[in-house]
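*Asks:* Numbering (UniProt numbering), first residue to last: 1 to 390.
Using N, Cα and C, we set each Cβ at its ideal position, and we do this for glycine too.
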Amino acid sequence: LLEANRSAKYAAELIQEAQAATADDSTTRRDKLRTQIFKETTTNNQDRVAAVALVNLLSRCEKARRHTGISSRTQATGLAIKLVHAFGVAEALGELKEAAIKGESRMTPISGSPQYKKIELETTKTGIPQGHCNLHELLQDKAKLISNPLEKTKILDQKELQQVATGAGDGADVAMCCAANTGSSMCTSGGQDDLGIKGHGLFTTKAANKGKAKQLAKNDRTDIEIITANKIHTEAIIHAEEALHNLAAARPAAAKPCTPHTHIADPNFHHDVRTILLKKQAKDTYNEQETTEITQKIKAVYGTDEEGYQNGLKKRIEETKAAAAYASTAQLTEIKAINDEAILEDMLAIAMARRAATHISSAKCASDNSDPKKEESTSCKNKTKKDECT
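Structure representation (structure tokens):
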């Protein structure tokens with residue numbers, strides 16, 4: 001049987017599993033950032049062009065997975081709420097079962113009939129939720145909700161409450177007094193003298209609902225017995241647990257690595273390869289010969305297979321060294337060792353700035369060398385060929 005603290009621990013494990021199952025796949029984003037840094041720093045023009053198409057592919061993967069993550073989290077949130085609600089109720093009922101009554105039991109009689117002033121519960125004790133108060137079910141089953149224009153809420157109809165109180169069996173009217181405290185009309189008991197607490201049925205217990213759930217956090221998914229206030233809560237827990245398990249199991253399959261070879265048949269990737277690598281115009285559809293040409297280009301640029309990609313371009317990308325600070329003395333670090341996205345973003349910004357500065361310098365150099373009058377002032381030490389400017 002699950003005690004209150006075990007219930008809370010189990011619910012926490014389920015929710016933690018849900019969070020893990022629906023977390024954004026940051027691997028793709030880090031791969032994209034590293035590829036962008038590589039594109040800005042490499043001196044190999046073929047690698048730079050290959051990186052452009054690869055960045056586009058990784059961007060599409062990231063967007064799709066972010067959408068999936070948001071959808072999954074929305075689903076998991078609803079399931080987690082069910083779990084918290086169900087276990088929370090079970091714990092509260094466990095406390096209620098063990099609760100002691102304190103406070104005054106009556107006040108100055110109205111029209112000769114005593115009334116309960118206040119009943120509070122000592123909830124410092126906790127216990128296994130084996131039973132629950134049947135008063136709530138009694139009200140929900142017998143009394144309807146009506147509008148309360150003053151508080152803009154729904155309240156229980158007093159007349160129906162009174163009918164429930166007087167017609168629900170021995171001691172029910174006193175239970176109504178304890179719970180409602182709405183005035184003498186609800187708290188009179190004919191010619192009786194004092195209204196006693198004993199026997200009013202407020203803490204009557206009945207068999208709690210039992211069910212079997214799985215331990216999501218356990219690899220073997222062992223059955224465990226759960227006890228809740230009613231069948232609805234038990235079913236909510238079982239269904240939520242199963243749904244979270246399916247969510248967690250499906251996530252790794254959906255998050256397969258985003259590489260040129262895992263997306264070798266992706267039409268969007270085909271468009272990029274044709275326009276960026278083959279430098280040909282994109283088409284809505286490609287015939288067999290064109291598709292073969294695109295596929296061959298993918299293998300030529302990104303490796304003949306996944307292993308070739310990992311040991312080729314991917315390795316060159318990861319071994320790229322970049323700085324996380326603008327200072328010329330800033331230490332260069334291999335980007336594969338950086339997992340903090342904020343640092344990778346800083347590295348990318350610096351790499352882009354330095355590349356832009358290099359382009360400006362190169363353009364000035366070329367411009368200066370085209371004008372004989374400026375040969376003496378050029379920063380390229382009087383080089384006269386544009387292709388020698390760096």
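1) Provide the residue span of the alpha helix (DSSP H) that contains Leu332, from first to last.
2) Could you tell me which residues DSSP puts in a beta bridge with Ala213?
3) Can you give the beta carbon distance from Glu36 to Leu348, rounded, assuming they're within the 8 Å contact cut?
4) Per DSSP, Ala322 forms a beta bridge with which residues?
5) Looking at the unbroken alpha helix (DSSP H) that takes in Ala300, where does it start and where does it end?
6) Using 10 angstroms around the beta-carbon of Ile360, count the other beta-carbons present and answer buried if the total reaches 16, otherwise exposed.
7) Is Tyr302 buried or exposed, if buried means 16 or more other CB atoms sit within 10 Å of its CB?
8) Output needed for Glu288: all residues of its chain with C-beta closer than 7 Å, excluding positions within five of it in sequence on either side, in chain order.
9) Report yes if the CB atom of Ile264 is closer than 8 Å to the CB atom of Thr295, and no otherwise.
10) May I have the straight-line CA-CA distance separating Arg274 from Ala330, to the nearest angstrom?
11) Work out the CA separation of His239 and Ala323 for me, nearest whole Å.
12) Output the boundary residues of the alpha helix (DSSP H) element that contains Arg30.
13) Less than 8 Å between the CB atoms is what I'm expecting for Ile276 and Val55, so what's the real figure, rounded?
14) Can you name the start and end residues of the alpha helix (DSSP H) that His271 belongs to?
15) In the DSSP assignment, the alpha helix (DSSP H) including Gln310 goes from what residue to what residue?
16) How many Å lie between Thr320 and Lys297 at the Cα?
17) Use the C-beta contact count for Pro267: other C-beta atoms within 10 angstroms, 16 or more gives buried, fewer gives exposed.
18) Work out the CA separation of Thr262 and Gln43 for me, nearest whole Å.
19) Given a cut-off of 8 Å on the beta-carbon distance, is the pair Glu341 and Arg29 in contact?
20) For Lys283 and Asp272, what's the separation of their Cα atoms in angstroms?
21) Which of helix, strand or coil does DSSP assign to Ser59?
22) When DSSP labels each residue in this structure, what does His261 get in the three-state scheme?
23) For Thr259, which residues of its own chain have a beta-carbon under 7 Å away from its beta-carbon, when the five flanking residues on both sides are left out?
24) Does the Cβ of Glu40 have 16 or more other Cβ atoms within 10 Å, making it buried, or fewer, making it exposed?
*Replies:* Put simply:
1) One-based indexing of the sequence shown puts residue 332 at position 332. Premise fails: Leu332 lies in the beta strand (DSSP E), 332 to 334, not in any alpha helix (DSSP H).
2) Position 213 of the sequence shown, counted from the first residue, corresponds to residue 213. Paired residues: Ile224.
3) In the sequence shown, residue 36 corresponds to position 36, counting from 1. In the sequence shown, residue 348 corresponds to position 348, counting from 1. Residue identity differs from the one stated: residue 36 is Gln in this sequence, not Glu. About 5 Å; that satisfies the 8 Å criterion.
4) For the purposes of this step, residue 322 is taken as the residue at position 322 of the sequence shown. Answer is Thr333, bridged to Ala322.
5) Indexing the sequence shown from 1 puts residue 300 at position 300. Where Ala300 is concerned, the enclosing alpha helix (DSSP H) stretches over 288 to 302.
6) Position 360 of the sequence shown, counting from 1, holds the residue named residue 360. It is exposed - the Cβ of Ile360 has fewer than 16 other Cβ atoms within 10 Å.
7) Within the sequence shown, the letter at position 302 stands for residue 302. Buried, by the Cβ-count rule.
8) The residue you call residue 288 lines up with position 288 of the sequence shown. No residues qualify anywhere along the chain.
9) Taking the first residue of the sequence shown as 1, we reach residue 264 at position 264. Taking the first residue of the sequence shown as 1, we reach residue 295 at position 295. Result yes, Cβ atoms of Ile264 and Thr295 sit closer than 8 Å.
10) To locate residue 274, count along the sequence shown from 1; it is residue 274. To locate residue 330, count along the sequence shown from 1; it is residue 330. Those two C-alpha atoms are separated by around 39 Å.
11) Within the sequence shown, residue 323 is the residue found at index 323, counting from 1. Within the sequence shown, residue 239 is the residue found at index 239, counting from 1. Whole-angstrom Cα-Cα distance: 50 Å.
12) Against the sequence shown, residue 30 aligns to sequence position 30. It spans 26 to 41 - the alpha helix (DSSP H) in which Arg30 sits, taken as one unbroken run.
13) To locate residue 276, count along the sequence shown from 1; it is residue 276. To locate residue 55, count along the sequence shown from 1; it is residue 55. Not quite, the Cβ-Cβ distance comes to about 10 Å (not below 8 Å), so this is no contact.
14) Indexing the sequence shown from 1 puts residue 271 at position 271. Per DSSP, His271 belongs to the alpha helix (DSSP H) from 267 to 272.
15) In the sequence shown, residue 310 corresponds to position 310, counting from 1. Its alpha helix (DSSP H) spans residues 306 to 311.
16) One-based indexing of the sequence shown puts residue 320 at position 320. One-based indexing of the sequence shown puts residue 297 at position 297. When rounded, the distance between both Cα atoms is 24 Å.
17) Here residue 267 is taken as the residue at index 267 of the sequence shown, counted from 1. That one is exposed.
18) Taking the first residue of the sequence shown as 1, we reach residue 43 at position 43. Taking the first residue of the sequence shown as 1, we reach residue 262 at position 262. Inspection of the sequence shows that residue 43 is occupied by Thr rather than by Gln. Going by the C-alpha atoms only, they are around 27 Å apart.
19) Against the sequence shown, residue 341 aligns to sequence position 341. Against the sequence shown, residue 29 aligns to sequence position 29. Yes, Cβ-Cβ distance for Glu341 and Arg29 is below 8 Å.
20) Stepping through the sequence shown from its first residue, residue 283 is reached at position 283. Stepping through the sequence shown from its first residue, residue 272 is reached at position 272. Lys283 and Asp272: Cα-Cα distance of roughly 11 Å.
21) The residue given as residue 59 occupies position 59 in the sequence shown. Ser59: helix per DSSP, three-state reduction.
22) Here the question's residue 261 lines up with position 261 in the sequence shown. Three-state DSSP puts His261 in coil, outside helix and strand.
23) Within the sequence shown, the letter at position 259 stands for residue 259. Result list for Thr259: Glu306, Tyr309, in chain order.
24) Translated into positions along the sequence shown, residue 40 becomes position 40. It is buried - the Cβ of Glu40 has at least 16 other Cβ atoms within 10 Å.
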